[in-house]
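In what follows, a single structure is set out as structure tokens and then discussed.
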Amino acid sequence: MKDVVLIRSIANLVDVAAAEGVDEAELVRGLSFDHKSFREAGLYDRIPWNEFVTYVERLNVAVGGRLPELVGEEFNRKNPFETFFRVGGVLISGQMYFWMANHVVAPLVFPALTIEEHHSSPRRMEFTGRISPELKGSEEFFRVSAAMMARGTARMGLPKTRVQVEVFDDGHRGEFVVDLPPSLSLLSRGRRIIDVVRGGRGFTEELLEQNEVVRRGYNELRASEESFRVLVESSPDGILIYDAGEVVVYANEALLALLGRSESEVVDAELSELFEQPERLANASEMEPHGLTLQGADGKPMQVETSTVGARFMGRDVMVTTLRDVSVRNEWLARAVDMDRLITMGTLAAGVAHEINNPITVVQANLAYLEEAVESLDEDQAAALKDAMAAADRVASITRELKDVGKPQDERLRAVDLREVAGQALRWVKPALVDRARLEKELDDPVMGMTDPGRLEQVVVNLLLNATQAIPPGRRGEHSVVISARNDGDWAVIEVLDTGSGITEEGLLRLFDPFYTTKPRGQGTGLGLFVSRDIIARLGGELEFESEVGVGTVARMRVPRVSGG
Numbered sequence: 004m005k006d007v008v009l010i011r012s013i014a015n016l017v018d019v020a021a022a023e024g025v026d027e028a029e030l031v032r033g034l035s036f037d038h039k040s041f042r043e044a045g046l047y048d049r050i051p052w053n054e055f056v057t058y059v060e061r062l063n064v065a066v067g068g069r070l071p072e073l074v075g076e077e078f079n080r081k082n083p084f085e086t087f088f089r090v091g092g093v094l095i096s097g098q099m100y101f102w103m104a105n106h107v108v109a110p111l112v113f114p115a116l117t118i119e120e121h122h123s124s125p126r127r128m129e130f131t132g133r134i135s136p137e138l139k140g141s142e143e144f145f146r147v148s149a150a151m152m153a154r155g156t157a158r159m160g161l162p163k164t165r166v167q168v169e170v171f172d173d174g175h176r177g178e179f180v181v182d183l184p185p186s187l188s189l190l191s192r193g194r195r196i197i198d199v200v201r202g203g204r205g206f207t208e209e210l211l212e213q214n215e216v217v218r219r220g221y222n223e224l225r226a227s228e229e230s231f232r233v234l235v236e237s238s239p240d241g242i243l244i245y246d247a248g249e250v251v252v253y254a255n256e257a258l259l260a261l262l263g264r265s266e267s268e269v270v271d272a273e274l275s276e277l278f279e280q281p282e283r284l285a286n287a288s289e290m291e292p293h294g295l296t297l298q299g300a301d302g303k304p305m306q307v308e309t310s311t312v313g314a315r316f317m318g319r320d321v322m323v324t325t326l327r328d329v330s331v332r333n334e335w336l337a338r339a340v341d342m343d344r345l346i347t348m349g350t351l352a353a354g355v356a357h358e359i360n361n362p363i364t365v366v367q368a369n370l371a372y373l374e375e376a377v378e379s380l381d382e383d384q385a386a387a388l389k390d391a392m393a394a395a396d397r398v399a400s401i402t403r404e405l406k407d408v409g410k411p412q413d414e415r416l417r418a419v420d421l422r423e424v425a426g427q428a429l430r431w432v433k434p435a436l437v438d439r440a441r442l443e444k445e446l447d448d449p450v451m452g453m454t455d456p457g458r459l460e461q462v463v464v465n466l467l468l469n470a471t472q473a474i475p476p477g478r479r480g481e482h483s484v485v486i487s488a489r490n491d492g493d494w495a496v497i498e499v500l501d502t503g504s505g506i507t508e509e510g511l512l513r514l515f516d517p518f519y520t521t522k523p524r525g526q527g528t529g530l531g532l533f534v535s536r537d538i539i540a541r542l543g544g545e546l547e548f549e550s551e552v553g554v555g556t557v558a559r560m561r562v563p564r565v566s567g568g
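For the sequence shown, the positions run 4 to 568 when my numbering is used.
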């Protein structure tokens, strides 16, 4: 915080401006403070150094170059703690006074100023004051400082100090020579002590008044810091504060978590060290939100929404930017779009099903007529006619299901041999398996379940297709898909095992999320397993997966077993 000064440092300057009738509006033109804000400022409020210097220069011009003299007179006249300073003359010497001024007061009020002593004795001090080179230099600042130094000892009842200053380096360096007055004699000190004792009540009142000023300023600062802590540090959004040089001066815990960095890595860093697109932050001067891509703590790209506003922070002009992680929100928006598309597809499917239903009814009727009308068919012809009738029935069943998309289902439960359901599902999936894997069946013993065969077949088909798509084409000799049915206590179970790519732990956790898919874009909607689990749950059963990456996957489906089956 080298580029600020305590706003209280301009108290004498403001009083001089008022006494000389200087146009206040011209003095504070373009600055971040005015005389009203100065009077309302807390004890520890700060203003930028460069603005302070501009104010000093303008005031010096307005009073005809007499600013050091006028400020010195005002400093000597004001003296609100007269008794307090007179006690100081008893207790300390001129040398001690200047040592405290250089090493205690100056660093607190003017952090931009550094003091280097060259010589110090009871009667003479020589030292250099330097202003940080990156800040604005000011010859007037050094001359005003010398005028106030000269009157400091006089305020303690000591003789006036002779102070000479020579300014160099465009107002960045001042060489001071201070001829100190002699300390008070023992007789003068004794008289001073008697005067203080006699006026003890006034001295006590001055101390109490000073204590009240400090206490009030401290309470204001503490209240301000508490409000800041509650509003900013506990914010769920990341909050970044940076100055005109695009250097970070504050970052809350939420932002550190977003960036995956510690406070020491972020505070005092330049924006370009933290963000790939710092101009997207630095060029924002309004609260209107805009998007930005960050690298998250886990190294993955993260979508954030940012908004920026100018503010005052610790006595300087800064930009305050909020950063909100909108990755989850964007994901849900994408899902909402997919859901809307699904609803549209359902409406379209119901319409298509209605159009298919009429001609397929005719096909079914004609096939039934042919079966009755033709008196004799050889074995191949009879099998072909039977397959045609079964296919027509399947198409009719599919059209009925399409018409029911999105509607609550009344499951038609009955005792079913799960081997038949598995066999029927295999007929639909076999063509997809031809060049990917060997098909193995373990369907020897009857496995009776209480279920809806059509709905159960839909799930088995989906599981078989997933198993098939987990194996790359052209690898039939290396991979297999095994479908089995068995009894397990109160359950009738169908399992589909594949030796494909397997599923990651993250994938297993999200397997039944709607619209979640690991398939390439355009090859999966992410709804198959979501719908399948819903079907099995309504049939009173369970659907679960076990998998290992690079080894394969087992999909296990349970439905209630028929007693005695």
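Just so it is clear, CB atoms sit at the ideal spot from N, CA and C, and this is done for glycine as well. Small disclaimer: the values here were computed from a predicted structure and weren't measured.
DSSP places N490 in the strand class (E or B) of the three-state scheme. F533 and R513 have their C-alpha atoms some 10 Å from each other.
The segment 11–23 makes contact with the segment 69–79; the number of CB pairs closer than 8 Å reaches 3 or more.
Secondary structure at F278: coil, using DSSP grouped into helix, strand and coil. Residue environment for K139: buried (at least 16 other C-beta atoms within 10 angstroms of its C-beta).
Annotation for E547: R559 place their beta carbon closer than 7 Å to its own, counting only its chain and skipping 5 residues before and after. Per DSSP, the unbroken alpha helix (DSSP H) holding H38 starts and ends at 38–43. A residue is called buried when at least 16 other Cβ atoms come within 10 angstroms of its Cβ; S148 meets this threshold and is buried. Per DSSP, the unbroken beta strand (DSSP E) holding A558 starts and ends at 555–563. Per DSSP, the beta bridge partners of I50 are V8. Closest option to V31, judged by alpha-carbon separation, among E54, L9, P71: E54. Judged by their CB atoms, W494 and R541 are not nearer to each other than the 8 Å cut-off. As computed with DSSP, M451 is found in a beta bridge with D420. With respect to the 8 Å criterion, I244 and V355 are not classified as neighbours on the basis of their beta carbons.
Here R165 is bridged, per DSSP, to D182. Scanning S504, R146, R489 for the CA closest to the CA of V552 turns up S504. By the 16-neighbour rule on beta-carbons within 10 angstroms, S379 is exposed.
For G480, the closest of P449, L442, M451 by C-alpha to C-alpha distance is L442.
In the three-state scheme derived from DSSP, where H, G and I count as helix and E and B as strand, D246 is classed as strand. With a threshold of 16 other beta carbon atoms within 10 Å, A44 meets it and is buried. The beta carbons of E236 and L274 sit about 21 Å from each other, so the pair does not count as a contact at 8 Å. Straight-line spacing of the CA atoms in A314 and P110 works out to 26 Å. For A254, the enclosing beta strand (DSSP E) stretches over residues 251–254. Taking C-beta atoms as the reference points, E60 and T131 fail to come closer than 8 Å. With a minimum length of 3 residues, the unbroken runs of beta strand (DSSP E) contained wholly in the segment 88–149 fall at 116–123, 127–134. Annotation for E23: the continuous alpha helix (DSSP H) segment containing it runs 14–23. Burial check for Q461: the Cβ neighbour count within 10 Å reaches 16 or more, so the residue is buried.
Remark: C-beta atoms of R154 and P71 do not approach each other more closely than 8 Å. Look at I506 here: in three-state DSSP terms it is coil, with no helix or strand label.
In the assembly as shown, T364 is an exposed residue. Its beta-carbon has fewer than 16 other beta-carbons within 10 Å. The three-state secondary structure of T520, taken from DSSP, is coil. Going by C-alpha positions, H121 is about 20 Å away from P185. Secondary structure note for F548: its beta strand (DSSP E) is the uninterrupted segment 545–551.
For a cut-off of 8 Å, the C-beta gap from V307 to D320 is around 24 Å, too long to register as a contact. Between the alpha carbons of N369 and V450 lies a distance of about 36 Å. V496 sits in a strand when the DSSP states are folded into three classes.
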